[in-house]
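Have a look at the structure below before the remarks.
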Amino acid sequence: MAGRSSPRLEPETALRAGPFRLRDGAKGLVTSASKVLLVRERHADGTPFWTLPGGGVHRSECPTEGLRRELAEELNCRAHIGRPVTTFWYAHDSLDDTVSAYTVFDCALLSEPDADQREGVFECRWVDPETLPASTLPQVRHVCRHVADLSSPSAASDD
Numbered sequence: 001m002a003g004r005s006s007p008r009l010e011p012e013t014a015l016r017a018g019p020f021r022l023r024d025g026a027k028g029l030v031t032s033a034s035k036v037l038l039v040r041e042r043h044a045d046g047t048p049f050w051t052l053p054g055g056g057v058h059r060s061e062c063p064t065e066g067l068r069r070e071l072a073e074e075l076n077c078r079a080h081i082g083r084p085v086t087t088f089w090y091a092h093d094s095l096d097d098t099v100s101a102y103t104v105f106d107c108a109l110l111s112e113p114d115a116d117q118r119e120g121v122f123e124c125r126w127v128d129p130e131t132l133p134a135s136t137l138p139q140v141r142h143v144c145r146h147v148a149d150l151s152s153p154s155a156a157s158d159d
């Protein structure tokens with residue numbers, strides 16, 4: 001997501017499905033104690049929003065590889081990528097006729113996150129799922145409140 005304020009569509013990752021293109025993506029559900037990690041990005045019009053870290057998956061990558069790459073690019077950190085926990089869809093206003101299907105993986109960070117504005121991430125913050133920022137995407141709000149298991153540490157399956 002280098003040098004832009006909204007996700008870029010990699011030409012090789014989009015499939016035409018009726019009136020829109022489908023884009024594969026991966027997001028990390030990173031939890032610690034009773035908090036979840038969110039990142040602040042901006043829509044094409046500059047309006048900020050909060051989401052889970054991650055982004056588009058290139059055709060040459062499996063979803064866990066794509067998420068690992070996105071975490072390194074956006075947050076300058078490494079992570080254990082665990083099992084997939086859910087999927088959500090997002091219709092991009094910045095990408096004409098594009099819908100992303102994000103697989104959300106349970107994750108545990110191996111280093112401290114540091115938001116990289118050059119990658120379109122302007123802030124990262126640990127938040128309580130019951131008091132999410134107002135501009136949190138509705139799909140992410142649902143994942144944080146109903147999917148995140150904050151009673152136990154993240155289960156990691158690989159590096």
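Residue numbers (UniProt numbering): 1 to 159.
Note that beta-carbon positions come from the ideal geometry of N, C-alpha and C, so glycine has one too.
Rounded C-alpha distance that separates residue i from residue j
{"i": "R125", "j": "S32", "result": "12 Å"}
{"i": "T86", "j": "R42", "result": "24 Å"}
{"i": "T64", "j": "V121", "result": "20 Å"}
{"i": "V99", "j": "S34", "result": "31 Å"}
{"i": "S135", "j": "T47", "result": "9 Å"}
{"i": "R23", "j": "A108", "result": "25 Å"}
{"i": "H142", "j": "V30", "result": "15 Å"}
{"i": "P129", "j": "Q139", "result": "13 Å"}
{"i": "H80", "j": "L110", "result": "7 Å"}
{"i": "P133", "j": "L71", "result": "21 Å"}
{"i": "D106", "j": "C144", "result": "12 Å"}
Neighbour-count burial assignment, residue i, 16 or more Cβ in a 10 Å radius
{"i": "A148", "result": "buried"}
{"i": "W89", "result": "exposed"}
{"i": "S151", "result": "Low confidence applies here, because S151 scores a pLDDT of 46, under 50, leaving its location unreliable; read the following figure in that light. The residue in question, S151, is exposed, as its Cβ has fewer than 16 Cβ neighbours within 10 Å."}
{"i": "P113", "result": "buried"}
{"i": "T103", "result": "buried"}
{"i": "T131", "result": "exposed"}
Short Cβ contact (8 Å threshold) for residue i with residue j
{"i": "A26", "j": "L67", "result": "yes"}
{"i": "G82", "j": "P53", "result": "no"}
{"i": "E119", "j": "E74", "result": "yes"}
{"i": "R21", "j": "D116", "result": "no"}
{"i": "V127", "j": "V39", "result": "no"}
Self-check item: Within the UniProt domain "Nudix hydrolase" (21–149), ranges of the alpha helix (DSSP H) (whole runs, at least 4 residues)
Solution: You should have 63–75 and 138–142.
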